[in-house]
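Student: Numbering follows the numbering used here, with no gaps: position 347 of the sequence shown is 341. For every residue, glycine included, the Cβ atom is placed at its ideal position computed from N, Cα and C.
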Amino acid sequence: MSLNCNEINRIIQELDLPGSFIQEIVQPGYDTLSFRIINRGKTENLVVCTGASACRMNRSRYKAPKNDKPLRFNEFLKSAVRGMRINECRQLGLDRIIKFDLSTWKDRCFMYVRLWSGAANVIVTDTEGKILDCMFRRPKKGEVTGGTFLPEEKLPTEEEKAAALERFPVRTFDDVPEAEGLSFNEQVDLFYSQHAASLSRESLLAQAEKWYSSRRSKMAAALEKLEQKKKDFENAGQLKHTGDLILAYASQAEGSFLDCEDYETGAAVHIRLDPKLTPQENAARYYEQYKKATSGLEALEHDIQLSRRAIEALEVQYKEMLAEKNTLKIEQLLRHDSAPKQKAEKPHPGLHYEVKGWTLMVGRTAAENDELLRHYVRGSDMWLHTRDFAGGYVFIKARKGKTVPLDILLYAGNLAVYHSKARQNAQADLYYTEVKYLRRAKDGPKGLVIPTQEKNLFVKLDDAKLRELDEYEKGF
């Protein structure tokens, strides 16, 4: 239930805002604003909520959390309204529109807070009524930058005021025992944080439980699959033993099966074979499966540890939500986690890694290689590339007074081999030299360079190092 006209008047009278200054403006969500007001030497938090069925403006005991991503209207308010003096704050008649008269020594504007459920908005205009910006842009209503907003103010008669008070009485919040002895602003803040249908702590915690249960079950299912795969891999020795049995009893193989006696246990064994392959080729297939299982076991351990850490982090995040008293913070945490991740603008083309204080950049295509060379590296940066194989360029950004350590060179070398045609060989010789010793090939294709004063580095792909690099990669 939103505030009615009489409750808004009661709020404004208690706030007594004329003469105060707007120190800071935060928009924790798309429908909520928080103004930090300096009022006669005291600091107050003024919250404006335009959410359906929860439209209100009141003093809040909580400081609103900042949004991770700057929101458009908040950035406008910070540039146009922050620091202004509140000359006047009043409701326009009985219309649930609050008008703020704001000014500095040289500028003046009006800010209208319309608390209509389903059509709430915050609109900033100049003194002529021209809209500078608004919280929600509604072109059909003319509520856009450059539009006009001049609400009529009809002064109500005493009879109209009495009728409105009878029809829309000021709530007493008797059903909220904690509200006894509090000011009306404090009662409103308490009620909406605990019992309102929108942005209430109870409803937000119910959403948090649903979010946690869904996320936890998915993570647990993924972990269970990994652990089952690990068990299968731990039995990899049986694959090798099966291959040994096929070779030992190759002469007894008949079509698609082999029945023999296990020479270790004496038990009868039935082995399925591919009739299109020779016994030797069937054995080779089992050996290949064994090799993959043993090499993948270490990688699985790494993935299992990451999954367990993710579940632990989720548990901590959920406990923080349960302990949080500020409903705006809970709402922000839920919205931030459930919203689709927006792809941030890359600082440069290709891949980016921060490894033990060193920056590694990888160009994966000729275009990325060329762009990195032209705009993102300097003469003292290190360049690596595979000999005799096409592939990406890897750059190590130089650090003043520091020599590139061997382990950083090996990380970069692994990236160079991995992002080249040499990946299938799992090893390659590399060139490495400083960028200032590269010369562009005349009339050559994009990104092609000829190195001088280069040195050679032989690198075998190291799965452990590549897995570590997954954690060092920056997700731009």
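1) Are the segment 422 to 430 and the segment 444 to 455 in contact at 8 Å, needing three or more beta carbon pairs?
2) With 16 as the cutoff for other CB atoms within 10 Å, does threonine 272 come out buried or exposed?
3) So what's histidine 369 in DSSP terms, helix, strand or just coil?
4) Between the segment 16 to 24 and the segment 56 to 69, do at least 3 Cβ pairs fall closer than 8 Å?
5) Let me make sure I understand the geometry here. Which of Gln7, Glu348, Ser47, Ala74 has the alpha-carbon closest to that of aspartate 101?
6) Does the structure place the segment 242 to 258 close enough to the segment 197 to 214 that three or more beta carbon pairs sit under 8 Å?
7) Does the Cβ-Cβ distance between alanine 384 and serine 414 come in under 8 Å?
8) Look at methionine 376 and alanine 304 and say whether their C-beta atoms are less than 8 Å apart.
9) Kindly give me the distance between the Cβ atoms of methionine 51 and isoleucine 5, rounded to whole angstroms, as I take these residues to be in contact under 8 Å.
10) Could you compute how far the alpha carbon of threonine 353 sits from the alpha carbon of arginine 433?
11) Could you tell me which whole alpha helix (DSSP H) segments of length 4 or greater appear in the segment 236 to 316?
12) Determine the DSSP secondary structure at methionine 213, reduced to helix, strand or coil.
13) Under 8 Å: do the segment 350 to 368 and the segment 381 to 399 share three or more Cβ pairs, one atom per stretch?
14) Please state the DSSP three-state secondary structure of tyrosine 56.
15) Please check the pair proline 343 and leucine 366, which I expect to be a contact at CB under 8 Å, by giving their CB distance rounded to whole angstroms.
16) Using only CA atoms, which one of Arg55, Ala114, Glu295, Tyr281 lies nearest to phenylalanine 29?
17) Relative to the C-alpha of serine 207, which candidate in Ile125, Asp256, Arg108, Gln311 has its C-alpha closest?
18) Considering only residues of the same chain and omitting the five flanking positions on each side of alanine 278, which have a CB-CB separation below 7 Å?
19) Write down every uninterrupted run of the alpha helix (DSSP H) in the segment 71 to 145 whose length is 4 residues or greater and which is fully enclosed by it, in chain order.
20) Tyrosine 426 bridges to which residues according to DSSP?
21) Determine the direct distance from the alpha carbon of glutamate 8 to that of lysine 36, and round the result to whole angstroms.
22) How many angstroms separate the CA atom of serine 472 from the CA atom of leucine 11?
23) Relative to the alpha-carbon of tyrosine 387, which residue among Ser374, Ala361, Lys396, Tyr186 has its alpha-carbon at the smallest distance?
24) Is it the case that the Cβ atoms of isoleucine 240 and tyrosine 284 are separated by a distance below 8 Å?
25) Check for me: the alpha helix (DSSP H) holding lysine 148 runs from which residue to which?
26) Which residues mark the beginning and the end of the alpha helix (DSSP H) in which leucine 409 is found?
27) Take the Cβ of serine 14 as the centre, count every other Cβ of all protein chains shown within 10 Å, and call the residue buried at 16 or more, exposed below.
Tutor: Taking the geometry as given:
1) yes
2) Position 278 of the sequence shown, counting from 1, holds the residue named residue 272. Under this definition threonine 272 is an exposed residue.
3) Counting from 1 along the sequence shown, the entry for residue 369 is found at position 375. Residue state, collapsed to three classes: helix.
4) yes
5) As a first step, residue 101 must be located in the sequence shown, where it is residue number 107. Measuring from the Cα of aspartate 101, the nearest candidate turns out to be Ala74.
6) no
7) If you number the sequence shown from 1, residue 384 lands on position 390. If you number the sequence shown from 1, residue 414 lands on position 420. For alanine 384 and serine 414, yes; Cβs fall inside 8 Å.
8) Your numbering for residue 376 matches position 382 in the sequence shown. Your numbering for residue 304 matches position 310 in the sequence shown. Taking 8 Å as the Cβ cut-off, methionine 376 and alanine 304 do not qualify as a contacting pair.
9) Residue mapping note: residue 51 aligns to position 57 of the sequence shown, counting from 1. Residue mapping note: residue 5 aligns to position 11 of the sequence shown, counting from 1. Correct: roughly 6 Å between the Cβ atoms.
10) Taking the first residue of the sequence shown as position 1, residue 353 is located at position 359. Taking the first residue of the sequence shown as position 1, residue 433 is located at position 439. Straight-line Cα distance between these residues: approximately 23 Å.
11) none
12) As a position in the sequence shown, residue 213 is number 219, starting the count at 1. Residue state, collapsed to three classes: helix.
13) yes
14) Stepping through the sequence shown from its first residue, residue 56 is reached at position 62. Coil.
15) To locate residue 343, count along the sequence shown from 1; it is residue 349. To locate residue 366, count along the sequence shown from 1; it is residue 372. So it is a contact: roughly 6 Å between Cβ atoms.
16) Mapped onto the sequence shown, residue 29 falls at position 35. For phenylalanine 29, the nearest C-alpha among the options comes from Arg55.
17) As a first step, residue 207 is located in the sequence shown; it is residue number 213 there, counting from the start. It is Gln311.
18) Position 284 of the sequence shown, counted from the start, is the residue given in the question as residue 278. Result list for alanine 278: empty, nothing under 7 Å.
19) none
20) Translated into the one-based positions of the sequence shown, residue 426 becomes position 432. Leu378, Lys449, per the DSSP bridge assignment.
21) Reading the sequence shown from its first residue, position 42 is the one you call residue 36. Reading the sequence shown from its first residue, position 14 is the one you call residue 8. Rounded to the nearest angstrom, the two C-alpha atoms are 14 Å apart.
22) There is simply no residue 472 to check, as the chain begins at -5 and stops at 470 in what is shown.
23) In the sequence shown, the residue the question calls residue 387 occupies position 393. The candidate whose alpha carbon is nearest that of tyrosine 387 is Ala361.
24) Within the sequence shown, numbered from 1, the residue matching residue 240 stands at position 246. Within the sequence shown, numbered from 1, the residue matching residue 284 stands at position 290. Result no, Cβ atoms of isoleucine 240 and tyrosine 284 do not sit closer than 8 Å.
25) For the purposes of this step, residue 148 is taken as residue 154 along the sequence shown, with counting starting at 1. Taken as a continuous stretch (DSSP letters only), lysine 148 belongs to no alpha helix (DSSP H), as it is neither H nor E.
26) Stepping through the sequence shown from its first residue, residue 409 is reached at position 415. First-last of the alpha helix (DSSP H) with leucine 409: 400 to 412.
27) If you number the sequence shown from 1, residue 14 lands on position 20. Buried, because 16 or more other Cβ atoms sit within 10 Å of the Cβ of serine 14.
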